[in-house]
Amino acid sequence: MNPEDSEGLSARGGPLKGLVGLDGAASDEELVARCLQGDTACFNQLIVRWERPIYALAYRLLGHEEDARDVCQDTFLRAFRALPGFKGQAKFSSWLYRIALNLCRDWVRRQRRTPIVPAPDGVELTELRANVQESEPIEDVLSRQQLSREVARAMRTLTADQRAAVILKEYHGLTFQEIADLLGCPLSTVKTRLYQGLSILRRELEHTGMAPAARART
48 MNPEDSEGLS ARGGPLKGLV GLDGAASDEE LVARCLQGDT ACFNQLIVRW
98 ERPIYALAYR LLGHEEDARD VCQDTFLRAF RALPGFKGQA KFSSWLYRIA
148 LNLCRDWVRR QRRTPIVPAP DGVELTELRA NVQESEPIED VLSRQQLSRE
198 VARAMRTLTA DQRAAVILKE YHGLTFQEIA DLLGCPLSTV KTRLYQGLSI
248 LRRELEHTGM APAARART
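Convert by adding 47 to the 1-based position in the sequence shown; the result is the number in the numbering used here.
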């Protein structure tokens, strides 16, 4: 569900009043409370706030733009329908991530194949000319594209659990406890999966002479 898809919600609701956090913006929990009171326009604010992170998570786990868009849309649809059951025992963002993760797992089970894992932020494959800076040597551009390919290849060697731990920790910045809550496993299991995943990535990149890039985010 893109923000544009929710114009109907926004049109029916008025401007947010009295829901201001320390940074001048309403918190997720305040928006949820207002939405449950009937101001459904508030859910559109949550979509605007979390659409990109949820899409990024789905894309990194699935590797297909169309499937990631479908998962993102379905995540917000399910969240909206299940909102009355949200008790606030976890952060809204964690609850949303859990819905998206479950949908991604369902996709993988239905497809019965390993997702095509795209390169993480900073090493994404893009068109050559789009990466060329006036002062940037072409050798640097080619090197970055090679790194992108190797990271994507190395990510495919991880198990689904290791891949999820690496993506959630290294590229979405979640804490170990948040990941443990999302995945429904002990804290020690999350740390083990992350350590194993990063070790495998480092080993795979060492084979190509690109191990320093693997250490950059550890």
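Where is the CB? At the ideal position from N, CA and C, for every residue including glycine.
(message) Let me confirm a value: Tyr144 is counted as buried when at least 16 other C-beta atoms fall within 10 Å, else exposed. Which label applies?
(response) Taking the first residue of the sequence shown as 1, we reach residue 144 at position 97. Its Cβ being crowded by 16 or more others within 10 Å, Tyr144 is buried.
(request) From the DSSP output, in three-state form, read off Lys238 for me. (result) For the purposes of this step, residue 238 is identified with residue 191 of the sequence shown, where counting begins at 1. Helix at Lys238.
(message) Spatial neighbours of Ser281 within its chain, please: C-beta separation below 7 Å, excluding the five flanking residues on both sides.
(response) Outside the shown range of the chain (48 to 265) lies residue 281, about which nothing can therefore be said.
(request) Label Asp86 either buried or exposed according to how many other C-beta atoms from any shown protein chain fall within 10 Å of its C-beta, with 16 as the threshold for buried. (result) Here residue 86 refers to the residue found at position 39 of the sequence shown. Counting of Cβ neighbours within 10 angstroms places Asp86 among the buried residues, the total reaching 16 or more.
(request) Quick one: using the 10 Å Cβ neighbour count with 16 as the cut-off for buried, is Tyr242 buried or exposed? (result) Here residue 242 corresponds to residue number 195 of the sequence shown, with the count starting at 1. Classification of Tyr242: exposed, given that the 10 Å Cβ count is below 16.
(request) Note down the Cα distance separating Glu197 from His254, rounded to an integer number of angstroms. (result) Taking the sequence shown and counting its residues from 1, the one referred to as residue 197 is at position 150. Taking the sequence shown and counting its residues from 1, the one referred to as residue 254 is at position 207. Just so you know, the alpha carbons of Glu197 and His254 end up roughly 10 Å apart.
(request) Compare the C-alpha of Ala207 against each of Thr122, Ala80, Asp153, Leu194 and name the closest. (result) Against the sequence shown, residue 207 aligns to sequence position 160. Of the candidates Thr122, Ala80, Asp153, Leu194, the one whose C-alpha sits nearest the C-alpha of Ala207 is Asp153.
(request) Whole angstroms is fine: what's the gap from Arg116's alpha carbon to Gly256's? (result) Locating residue 116 in the sequence shown gives position 69, counting from the first residue. Locating residue 256 in the sequence shown gives position 209, counting from the first residue. Straight-line Cα distance between these residues: approximately 35 Å.
(request) Give the secondary structure of Leu248 by DSSP, where H, G and I count as helix, E and B as strand, and everything else as coil. (result) In the sequence shown, residue 248 corresponds to position 201, counting from 1. In the three-state reduction of the DSSP assignment, Leu248 falls in the helix class, which pools H, G and I.
(request) For Leu234, collect the residues of the same chain with a Cβ closer than 8 Å to its Cβ; drop the 5 residues on either side in sequence, then sort them by chain order. (result) Taking the first residue of the sequence shown as 1, we reach residue 234 at position 187. Within the same chain, Leu234 has close Cβ partners Phe223, Gln224, Ala227.
(message) Taking 7 Å as the threshold (C-beta atoms), are Ile94 and Ala147 in contact?
(response) As a first step, residue 147 must be located in the sequence shown, where it is residue number 100. As a first step, residue 94 must be located in the sequence shown, where it is residue number 47. No, the pair does not count as a contact, with Cβ atoms beyond the cut-off.
(message) Tell me which residues share the same chain as Trp142 and place their Cβ nearer than 8 Å to its Cβ, disregarding the 5 neighbours each side in the sequence.
(response) For the purposes of this step, residue 142 is taken as the residue at position 95 of the sequence shown. Result list for Trp142: Ala126, Phe133, in chain order.
(message) For Ala73 and Gly135, what's the separation of their Cα atoms in angstroms?
(response) Here residue 73 is taken as the residue at index 26 of the sequence shown, counted from 1. Here residue 135 is taken as the residue at index 88 of the sequence shown, counted from 1. One Cα belongs to Ala73, the other to Gly135, and the distance between them is close to 16 Å.
(request) Starting from Arg125, follow the alpha helix (DSSP H) in both directions and report where the run begins and ends. (result) Walking along the sequence shown from the start, residue 125 turns up at place 78. Per DSSP, Arg125 belongs to the alpha helix (DSSP H) from 112 to 129.
(request) Compare the Cα-Cα distances from Leu104 to each of His219, Thr239, Lys238 and report the closest residue. (result) Here residue 104 is taken as the residue at index 57 of the sequence shown, counted from 1. Of the listed residues, the one whose Cα sits closest to Leu104 is His219.
(message) Need the endpoints of the alpha helix (DSSP H) that Tyr144 sits in, please.
(response) Mapped onto the sequence shown, residue 144 falls at position 97. From DSSP, the alpha helix (DSSP H) with Tyr144 extends over 139 to 158.
(request) Reducing DSSP to helix, strand and coil, say where Phe223 ends up. (result) Residue mapping note: residue 223 aligns to position 176 of the sequence shown, counting from 1. Helix at Phe223.
(request) Confirm, please, whether the CB-CB distance from Leu245 to Ala201 is below 7 Å. (result) Sequence index remark: in the sequence shown, residue 201 carries index 154 (1-based). Sequence index remark: in the sequence shown, residue 245 carries index 198 (1-based). In this structure, Ala201 sits away from Leu245, with a CB-CB distance that is not shorter than 7 Å.
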